[in-house]
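Comments concern the structure below.
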């Protein structure tokens, strides 16, 4: 009401509120009927304010308030119902100054749950934004605007990155008195904390010319959660939504509350957050300073893990002094990955420091693999090349989502691919993965995913891919086969990413069954007993210490159709014990299940490239483990 009656004296607005509460639209069954004049009803029935807030009025209905002895609510098409005198008119939908259409405008009630439903006010397959200017006020109003074009011209907005179900609410209740927002169609997600929304709006870059044109994009509020057509359209445009934003604000703990730097979250484990961490031009993490006793004279902060390391310090800017702050995502990630026995948070310019273990993106002890993979993906500053694609695949394999198919939809834009989301069921991750691989091979020509996951156990349904984890909205990725322990592996942060990743992946194409058809150097092999001499160039050692011998043509008759091959997938640059650079071949073990068709086994090789120079090229078809072999593999060793 404060916005609707802006500029009207308080005694008049109080009288208006009282009068409005006495009038509601005439209700016939479950529908509201708009006559030339609405009939006065008992205030015990839902008030017109509540009916309006819950979007139960017709989209073309205008509410006219006339300051006379009474109040008349009228149909805008009936000129006889409109009163005379000083009139304040507001209409939803109505056109805003920037050409957008205001489709929802609801005062948010503190300390309670505010229900929102876009189904009757929004137009499917349109882009929407939340007006920040009205959410910064002490009496916040949720205003959602709809645009006819995407991306809208000359409109700056901040996109929000979060997880559907985040950290539990603070038992001390910090920041929860402002109330929450619950969106129809998304009740399985955490309620949106109004206080969180306000801090996000305060962190969003201001429109210097017109504060009413400062926006945020939050999928929960900007997508019609009950409309499948709108969801499909938004998902297909998700890459461009984040790419067109001026800033992406990361809320690692979800929408319920802001979390501290020393609270662990699962943001890094969610499928959609990979794209959100890479695509926007600027990415910042928004977090809480609750309980930190920030000195009043402090104007900024700094997180330090190692003052002597080039990546060991991250600057922090305050959003609300003593309450919330933000930091650059890439810099914060680099700082977190630097091991420290005494990390601190310093309040500048006082130089007062407090201990602070930064695990907001994940602990090095439990999430080291994920942290390093995301750091690699964010450090690939060479767009659209094999280094970038390799790093993206690597990080994507460590994530999960509520819907299996979103594991693919969430990364397709990163490879310049737009799949028809209507073509896949929510559970059809394998079908979508095949479609994405086919599209990638048509454009780049190289199967970078094969190298990105080459040292991980293969997925029996699609063996050119590593094992795809079980999906969940609220749990970490679950793999049936344990991942190797990388806690003792050297952090390669100082090494140029172009040397650490394979130079080229295999070229080829994939059929609709998931068979990757490619040509690579390959030799038939047989397993040998331990103790075999390694001096013979025909003897190979895998990364787990297994010994293999290269077979000659005359040896193949004795093994029949079920032959084993070591195939080279690509190469990379590495350093030997003397510090000298050399090129190594990355290879895997394939088993032929029927003539000409292979599946990948969890056996991996790093070989001196000279050792593979004399190997011949072979046409390979790597695909799913056929059912008869899958059943057999469950009962006995694969090799």
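Residue numbers (the UniProt record's numbering): 1 to 639. In this text, a Cβ means the ideal position worked out from N, Cα and C, and glycines have one as well. Bear in mind that the values here come from a model prediction, so they are computed numbers and not experimental data.
Backbone CA spacing between residue i and residue j [nearest angstrom]
{"i": "residue 278", "j": "residue 526", "result": "44 Å"}
{"i": "residue 96", "j": "residue 102", "result": "6 Å"}
{"i": "residue 563", "j": "residue 422", "result": "41 Å"}
{"i": "residue 621", "j": "residue 435", "result": "17 Å"}
{"i": "residue 267", "j": "residue 345", "result": "22 Å"}
{"i": "residue 288", "j": "residue 149", "result": "36 Å"}
{"i": "residue 286", "j": "residue 549", "result": "55 Å"}
{"i": "residue 265", "j": "residue 271", "result": "14 Å"}
{"i": "residue 371", "j": "residue 450", "result": "21 Å"}
{"i": "residue 305", "j": "residue 336", "result": "7 Å"}
{"i": "residue 215", "j": "residue 282", "result": "16 Å"}
{"i": "residue 640", "j": "residue 607", "result": "A query on residue 640 cannot be resolved here, the shown segment of the chain reaching from 1 to 639 and no further."}
{"i": "residue 654", "j": "residue 571", "result": "The first residue shown for the chain is 1 and the last is 639, placing residue 654 beyond what the model contains."}
{"i": "residue 462", "j": "residue 228", "result": "29 Å"}
{"i": "residue 333", "j": "residue 373", "result": "11 Å"}
{"i": "residue 292", "j": "residue 319", "result": "15 Å"}
{"i": "residue 428", "j": "residue 399", "result": "16 Å"}
{"i": "residue 155", "j": "residue 513", "result": "44 Å"}
{"i": "residue 569", "j": "residue 466", "result": "14 Å"}
{"i": "residue 354", "j": "residue 163", "result": "29 Å"}
{"i": "residue 627", "j": "residue 597", "result": "13 Å"}
{"i": "residue 375", "j": "residue 338", "result": "12 Å"}
{"i": "residue 415", "j": "residue 242", "result": "15 Å"}
{"i": "residue 99", "j": "residue 127", "result": "13 Å"}
{"i": "residue 194", "j": "residue 405", "result": "31 Å"}
{"i": "residue 138", "j": "residue 623", "result": "59 Å"}
{"i": "residue 543", "j": "residue 594", "result": "27 Å"}
{"i": "residue 625", "j": "residue 397", "result": "20 Å"}
{"i": "residue 223", "j": "residue 448", "result": "33 Å"}
{"i": "residue 403", "j": "residue 578", "result": "48 Å"}
{"i": "residue 186", "j": "residue 253", "result": "18 Å"}
For residue i, the residue or residues it bridges with in DSSP
{"i": "residue 517", "result": "509, 621"}
{"i": "residue 599", "result": "591"}
{"i": "residue 241", "result": "DSSP, once it has assigned bridges, lists no residue as partnering residue 241."}
{"i": "residue 193", "result": "180"}
{"i": "residue 348", "result": "300"}
{"i": "residue 640", "result": "The question about residue 640 has no answer here: the residues shown for the chain are numbered 1 through 639."}
{"i": "residue 522", "result": "567"}
{"i": "residue 606", "result": "586"}
{"i": "residue 94", "result": "102"}
{"i": "residue 285", "result": "250, 327"}
{"i": "residue 459", "result": "462"}
{"i": "residue 527", "result": "548"}
{"i": "residue 338", "result": "Its beta-bridge partners do not exist; DSSP assigns none."}
For residue i, the first and last residue of its enclosing alpha helix (DSSP H)
{"i": "residue 616", "result": "Here residue 616 belongs to no alpha helix (DSSP H), and DSSP marks it neither H nor E."}
{"i": "residue 365", "result": "364-379"}
{"i": "residue 231", "result": "228-236"}
{"i": "residue 251", "result": "Careful: residue 251 lies outside any alpha helix (DSSP H), inside the beta strand (DSSP E) at 247-251."}
{"i": "residue 220", "result": "219-222"}
{"i": "residue 410", "result": "406-412"}
{"i": "residue 450", "result": "448-452"}
Short CB-CB distance (under 8 Å) between residue i and chain D
{"i": "residue 539", "result": "No chain D is part of this structure, which consists of one protein chain only."}
Rounded distance between the beta-carbons of residue j and residue i, thought under 8 Å
{"i": "residue 348", "j": "residue 299", "result": "7 Å"}
{"i": "residue 202", "j": "residue 136", "result": "6 Å"}
{"i": "residue 130", "j": "residue 218", "result": "6 Å"}
{"i": "residue 125", "j": "residue 230", "result": "6 Å"}
{"i": "residue 433", "j": "residue 409", "result": "Not a contact, Cβ separation roughly 11 Å."}
{"i": "residue 256", "j": "residue 386", "result": "That pair is no contact at about 40 Å."}
Segment limits, beta strand (DSSP E) that includes residue i
{"i": "residue 328", "result": "324-328"}
{"i": "residue 541", "result": "539-541"}
{"i": "residue 569", "result": "564-575"}
{"i": "residue 393", "result": "Per DSSP, residue 393 belongs to no beta strand (DSSP E); it is in the alpha helix (DSSP H), 386-396."}
{"i": "residue 267", "result": "No beta strand (DSSP E) contains residue 267, which DSSP labels as neither H nor E."}
{"i": "residue 359", "result": "Taken as a continuous stretch (DSSP letters only), residue 359 belongs to no beta strand (DSSP E), as it is neither H nor E."}
{"i": "residue 316", "result": "313-320"}
{"i": "residue 548", "result": "547-550"}
{"i": "residue 424", "result": "From DSSP, residue 424 is part of no beta strand (DSSP E); its letter is neither H nor E."}
{"i": "residue 255", "result": "Note, residue 255: premise wrong, no beta strand (DSSP E); not H, not E."}
{"i": "residue 415", "result": "No beta strand (DSSP E) contains residue 415, which DSSP labels as neither H nor E."}
Starting from the N-terminal side, write out each stretch of the beta strand (DSSP E) that is 3 residues or longer and does not extend beyond the stretch 103-172.
-> DSSP runs (the beta strand (DSSP E)) wholly in the stretch 103-172: 113-116, 127-131, 141-147, 157-162.
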